[in-house]
Amino acid sequence: MASCSEQAWPEVDLWKNLIIITCGGGGSNSNSSSSSSNSMATSMCIEIDKKAHPILYLFCTYEYAIWKKTFVSSEMLRSKSTANCGEIAIRILRALNELQIRSVGIYSEQDVNQMHRLKADEAYLVGRGMTAVSAYLNIHEIIKLAKTHDVDAIHPGYGFLSERADFAQACHDASITFIGPSPEVMLRMGDKISARVAAAEAGVSVVPGIENPIENAEEAAEFGKQYGFPVIFKAAYGGGGRGMRRVDKLDQVQEAFNRATSEALAAFGNGLMFVEKFIERPRHIEVQILGDMYGNIVHLYERDCSVQRRHQKIIEIAPAPNLDPQKRQLMLDDAVRLARHVKYENAGTVEFLLDQDGRHYFIEVNARLQVEHTVTEDITGVDLVQAQVRIAEGKSLEELHLCQDLVTPIGSALQCRITAEDPSMDFCPDSGRIEVFRSGEGMGIRIDSASAYAGALISPYYDSLLVKVIAHSRNYKTTVNKMMRALKEFRIRGVKTNIPFLLNVLNNQRFLDGLVDTCFIDENPDLFKFTPSQNRAQKLLRFLKDVKVNGPMTPLVTGIPSAKVTPIVPEYDTRPLLKGWRDVLLEKGPVNFAKEIRKNRGILLTDTTFRDAHQSLLATRVRTYDLQRIAPFLAHAMPNLFSLEMWGGATFDVSMRFLHECPWERLEILRKHVPNIPFQMLLRGANAVGYTSYPDNVVVKFCELAKKSGGVIETAISYTGDVADSNRQMYNLNYYLKLADEIVKAGTHILCIKDMAGLLKPRSSKVLLSALRDRFPDLPIHVHSHDTAGVSVASMLACVEAGADIIDVAVDSMSGMTSQPSMGIDSADVSKYSAYWESARQLYGPFECTTTMKSGNADVYVHEIPGGQYTNLQFQAYSLGLGDKFEQIKRKYVEADALLGKLIKVTPTSKIVGDLAQFMVHNNLDGPTLLKQASTLSFPESVVQFMQGMIGQPPYGFPEPLRTQILRHRERIDGRPGESLPPVDFETLRQQLQQKHEKQIRDVHVISYAMYPKVTDDFLTFVEKYGPVDKLPTHAFFMGLSNGEEIDVELEKGKSMRIKMLAKSSLNAEGEREVFLELNGQLRSFLVKDKEASKDDTSHPKADPTVIGSVGAPMPGEVLQIKVKEGDVVKMKTPLIVITAMKMEMIIESPIDGLVKTVFAKPAMKCNAGDLLVLIERCLSSSSSSSSSFPSSLIQSTDFDRLNRLMDGCCTSKEPLECGSSREIARRSLE
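Residue numbers (our numbering): 3 to 1233.
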C-alpha cells in the first residue's frame, strides 16, 4: 500500500478523508485479497481527473459497496449494536448504514416510540420494568442481548455506559468488540485522579487537585482550606457537566457535595467525587484525538467549548477563534503526548483550561465520542464514527489515510445545541409533546437529531437535547451568520427551547469577536433579555382545539347559538373623510367646542350602538372584531354624528373578563378607523370604570391615559323618580337644580341628564329640561335615556322642544326596549348601517335579551331597574336557577331599594340593590323579616361595603337601624372614600405584573390592574396562552369550529392565515382527545384533556401563578428531597424541595418570608411542571390603615396575596351589571 506522503490527492482537501474512508476498508492488513482490492480502489482514485472530483466520490462509493458485498473479511464487523438512544444512536446508525453494516438497537420501555428504534435494522427491548436510565445501564442484559442476536461489536455512543471500563471489559469477556478504548485505558482515563497522574507522567501540566476520590464533604473542606476557594467538585466517573458544582465558600461545601454526589450517581451509576482548584475565567479548549491498535496517534485539531452554563456546553466552535498558533500547537502536542503515553486507542478528547495568562492545564480525557464531534467532522472531512468502526476492525490510521500531515482544517464550524429548556427560568428543562417542528436548512447547515419532529414526546428522563445544529463556512464570521439564519428559521412549538438565548449569544459582540471564556454567560445578563415569541398562530390553534373538546370559554347564557353569518360591510365613498365634530374640538378646544354646540341649529345625535345599546340588549358582549369592521363606514357615511358612545362602563371589565380582549386596544383601533367623530365614554366618578372606590390618583391616572386630546367634560346627573310628581319628597326638581348648580360651578363643559332606567316621562322631560335651560341658557344639555317602557321617543322629543342640544339614540336594529330609542332617520346610509347590525346581532344569540324580554314594560316605573342592568339581572337569575322567579326578583328589587334608603340606582348602587334582591329571594325573606333578622344574617359583600361607606355617601343618608345591624363592629367611612385612601404605587404594580407575565407591561395594563387586579391578571395569562383571540371571527370565538369549517384570520396588515378544523378523535386511555386542524394547508394535531371525561380525575393540584407563596415544580421530574415541614417558618431563598429531572437536580427555594402552610410534595413523587409542591403563607409585617378600604397590596410596598382576596370581594357578581356612578354624578368624557 502506498504511504500517506506518496498520495497524489487533488488540491481540495475537504474531501480527501471522505474519499479514502469510502474507498478503503475491506479486510485487515494481513488479508491479501483485501489488500489487493484496496490498492485497486486507491489506484482508481489516482487516475481520476481533478475536475471530476464530485463524480469520484460517488463512483468510489458505488464500487466500494459492490466490493464489500463480494469480499467480506472474517474480521469485518458484520453486525453492530448501539448501546444508546436518541440523537447519538441515530448518528451511529447512519454511519453503519453507509458502511453497510447490519445494526441492532436497544430501547427502554419508555422509548418504544423513539426514532432510534425504528432506524435500526433490528431493535430489542432492554430493562423491562426498569426506569429509563437504569435500562441503558444494565450491562448484563445488554451483553446477553448482544450474544443472543449475534452482535459482533457495540458502540456505546456518549453518556450512559460510554465511559464505564467495566462495560468495556464485559464486552471483551464476551468476545464482543467494544468500539472505544481498551478497558485498561478507560479505567485509567475515566478515573480523573489516575488521568491527572498520567498527565503529570507525560509532562502535561494539571490543575491542583486531590489524588484520590473523596467520600465525604470533610475532605473537600480540608482541600479548600489548604488551596483556597473557589474549588470545584467533579464526578470521578463521568462528564458532561453532571455531578459538577462550584463552591465559593466553606459553608457551601456540604450542600454542594450532596447535590453533586446525588447527580453523579443518577447519571453514571457512581457518585464518587474529586475536587480541584477552580481556575478563574478560563477558556475551555479540547483536542480531538484518534489512536489505532498500533500505537499511532493523530489529532484532529481543537474545539472551543467555553460557552457553558452549569458546566455544560451550549455552543462549540472549531477551530477555536482568536487562539494564538503557538498556544494551539502546545495543546495539540500535549494531547498527542498524553494519548501516546497511555497507549490510547480509538476516539477520545483531551480537555484543557487555558487561563488568562496563556497557560493551559489538563483537566480530563473523555474516553468516548463527544456530542460536539460534529464540528471537527465538518472542518476536517473525517467521519469520526466510521473511523471508530474501522479502527475497531483493526485498521491502522495509515490504512485510513489519517496521517497528521493530511488532516487539515478547512473553514470554521459552529454547533448550537437546541435544548428543551426555558432560559428565562434559569434553563429549567421542559418536556411534553412537540406540536410543531420546522428546522432551519440550506447550504452549510447540518442537523443531527432524533426526537425532534411534530408529535414527538419529549421525555423528562434524559438530557434535554433536541437538535444539534452545525454551521460550516469559510470563516468564523460567515459561519455565525449562517447559524443565526438557521436558528431564526426554526419553529418549535409545544415545548420551550433555548433558541432565543442562542440568538442572543450569537449577536453578542464578545462572541462575535471570539473573546469568550467560561464566565461569558454569567457576566452577560443581557443574554437573558428576550423578546417573547408571538407564536400567534399556534396559540390560536390551541384556543380552537380547547374549545373543540371542552366547549366555549365565554359562558353562554341563552340556548341560541352564535349564527354562522358574516355581516356585510356596506360600500362607502373612499374619498378623504369629511370633517366632523372631533375636528371642531381639536381646532377650537373644549370651551369653544361647547359654544359651537349651542350655536348649532337642530338636534345633535350621539350613537350608543358601540356601547350602551349592546350592553342593554346583548349583555355587553359585542366584540371589537365586529365594531372595527363597520367603523370605517361610520366615519365616511355619518361624519355629522355628535359622538360615538363606545367605551367605559361595563365594556371595560367585560372586554377582559369574557371577551379576552384589551379595552385599551379597542379604543386605539376604533380611533384609527374613526378619526373625525368624538368618542364618548362613561366614567363612574370616583369608581372610574370599576365597582368600588379608588384612590384619587387611580382615577386621575385613568383619565390621563384615556384622554389623548380634547378633554371635554360632560357631567351627568343620574335621574330617578318623577320630577313632575309634586308629592315626591325625594329626588324632586329642587334636588336636580341644586345639583346642577354645583356641577356648573365646578366647571363642566356639558350637562347631561342620565336616565339609566327610562323613567323620564314626556311631561317630566319638559319640566326638568325647561328648568335647566332657563337656569343655564349657554350650557349645552345632553339627554340619555332607555326605552324600557316604550315611550322614550316621546320623551326625547319633549326634551328637544324644551331646549336639549344632544340626545342619545341607537341604530334601528340595536334600539328599543332596554336600549336607547332608534335614530328614526330616513337615510340610505342609516339603513345600511342598521342592516349590518341586524346581521351581526345573530352572532350574539347566546346573549340575546329577547330570549327573556319580548317587549317594553311599563313596570319599570315601579321597580326602576336600569336598562343596562335589567337583561343582565335576568340572565343572572337564570344562571342561578331563579329564572322562573324573575317577577319575584323585580318585586324584591323594590323592597331592597326601600330597605337601602331609596338609592339612585346606577352602577355600582344598582348592583347592590340587585344583590340584595336576589339574596332575599334565595332566603325567602321579605322586608320586615329581613329587618328583624338582620343582625344574624350574612349579607352579600357588596351590601356590607355599601353600608361601610366604601361606595360613598347616599344623598339621604344610610338607613338605620339596618346599617348598624349589618355592620356590627366593622369600620365605617364618613365622607368620600377616595379622600382617605392612600395613593397607589404604580411602579410596584408594574413590577408585580412584569414578574408574572411575558408581555411588555404598558401603563394601561398597570391602571387596569389597579382597578381589576384579578381580571387583568387572568386576561394577560389568557392572552399569553391563547394569543390574539380578538382576531378570530365572532362565531369561531364563541362556538369554535365544526368539522370541515374554514376561517381566515388576519393577524396584521398583509399577514393572514387560513385555519380548517378537520376532526376530533374518540377518548383515549389518558382521558384525551386528539384534535386535527390545518394551518395554511399544513396538518397540525393536538392532544386535549377532556375535562368532562376527566372530572373525576384526582390529578395533583396546580400552583396558582398569581399567588407568590404557591410554589410549583418548575419542570417535570421526581421529588428527591423535602427540606421543610408544615409549620416551619422560612425566609426568602430557604431551600424547600429538591427535584431531579433529565439527570439534573434543582433546589426550589422559598420566594417569600412566611410560614409553610401545606407541603404537597411526597418523597419520590413524580411531578409535572406547575404541580403544587408547597404552600407558604406570607408573614405580614403590618396591616393596612383602618380608614382604608383599598387593597393594601396596591399601596406602596404591600402584600399581593391580600389583593386577590380583597378585590375578589369587590365584585361578587359573575355578570357585570349596569354602569354609572357611586354617587349621583357620573362623568362622560369626550375625545
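Every residue gets a Cβ at the ideal spot worked out from N, C-alpha and C, and that includes glycine.
Let me check one thing: in DSSP terms, what residues is residue i bridge-paired to?
i	result
lysine 1125	According to DSSP, lysine 1125 bridges with nothing at all.
methionine 275	Ile216 and Ala237
glycine 211	Glu278
tyrosine 126	Ile108
methionine 1148	Ile1141
cysteine 418	Ile317 and Val471
glutamine 511	DSSP output for glutamine 511 lists no bridge partner at all.
glutamate 423	Pro431
cysteine 754	Ala718 and His784
methionine 819	Asp789
For residue i, which of the options has the nearest alpha-carbon?
i	options	result
leucine 1069	Met1167, Thr1018, Lys541 and Val551	Val551
valine 1235	Ala842, Val1126, Val785 and Thr1160	Residue 1235 lies beyond the range of the chain shown here (3 to 1233); nothing can be said about it.
phenylalanine 492	Tyr478, Glu989 and Tyr455	Tyr455
methionine 819	Leu620, Leu983 and Leu901	Leu620
histidine 616	Asp515, Asp113 and Ala652	Ala652
threonine 608	Leu636, Ser453, Gly444 and Leu274	Leu636
isoleucine 412	Ala269, Val384 and Phe1078	Val384
Leaving aside the five residues before and after residue i along the sequence, list all residues of the same chain whose C-beta is less than 6 Å from its C-beta, in chain order.
i	result
arginine 342	Ile299
serine 1010	Thr1018
valine 701	Ala690
arginine 730	Gly723
valine 769	Val725 and Ala726
alanine 320	Arg305, Val377, Thr378, Ile381 and Ala415
lysine 315	Cys307
Is any non-hydrogen atom of the ligand MG found closer than 7 Å to the C-beta of residue i, if you look at the structure I gave you?
i	result
leucine 489	The ligand MG is not among the ligands present in this structure, which contains no ligands whatsoever.
State the start and end residues of the unbroken beta strand (DSSP E) segment that holds residue i.
i	result
phenylalanine 439	438-440
valine 1113	1112-1114
tyrosine 296	Careful: tyrosine 296 lies outside any beta strand (DSSP E) and carries neither H nor E.
glutamate 716	714-720
serine 451	447-451
isoleucine 891	Careful: isoleucine 891 lies outside any beta strand (DSSP E), inside the alpha helix (DSSP H) at 888-901.
aspartate 807	Looking at the DSSP string, aspartate 807 is not in any beta strand (DSSP E), and its letter there is neither H nor E.
aspartate 609	606-609
Near residue i, what residues of its chain come up, given a Cβ to Cβ distance below 7 Å and the 5 sequence neighbours on each side ignored?
i	result
leucine 517	Asn324
serine 815	Ser836, Trp839, Glu840 and Arg843
serine 833	none
histidine 174	Phe180 and Pro185
methionine 1041	Pro554, Pro563 and Ser564
threonine 533	none
leucine 147	Ile108, Tyr126 and Val128
glutamine 1084	none
lysine 566	His1037
lysine 498	Ala422, Glu423, Asp424 and Asp432
I'd like the span of the alpha helix (DSSP H) that includes residue i, first residue to last.
i	result
arginine 198	194-203
valine 249	Per DSSP, valine 249 belongs to no alpha helix (DSSP H); it is in the beta strand (DSSP E), 247-249.
valine 923	911-924
leucine 617	According to the sequence shown, residue 617 is glutamine rather than leucine. It spans 616-620 - the alpha helix (DSSP H) in which glutamine 617 sits, taken as one unbroken run.
Among the residues of its own chain, which have a CB less than 8 Å from the CB of residue i, if the five just before and after it don't count?
i	result
glycine 129	Ser110, Glu111, Ser136, Ala137, Tyr138, Asn140 and Glu143
phenylalanine 530	Pro425, Ser426, Phe503 and Asn506
alanine 200	Arg190, Met191, Leu340, His343 and Val344
For this session: Note down, one range per segment and in chain order, each alpha helix (DSSP H) of at least 4 residues found wholly within the segment 638-703.
Result: 652-659 and 665-675
Exercise. Which residue spans inside the segment 356-398 form an unbroken beta strand (DSSP E) run of at least 3?
Worked result: 362-368
Exercise. Can you list the alpha helix (DSSP H) stretches of 4 or more residues lying completely in the segment 995-1083, in chain order?
Worked result: With a minimum length of 4 residues, the continuous alpha helix (DSSP H) runs that stay inside the segment 995-1083 are 1005-1013, 1015-1028 and 1036-1041.
Exercise. In chain order, which continuous runs of the alpha helix (DSSP H) of length 4 or greater are located wholly inside the segment 457-499?
Worked result: 478-491
Problem set entry | Segments assigned alpha helix (DSSP H), at least 4 residues, entirely inside the segment 123-182 | 134-138, 141-150 and 167-175
Exercise. Residue ranges of each alpha helix (DSSP H) run of no fewer than 4 residues wholly in the segment 1153-1188, ordered along the chain?
Worked result: none
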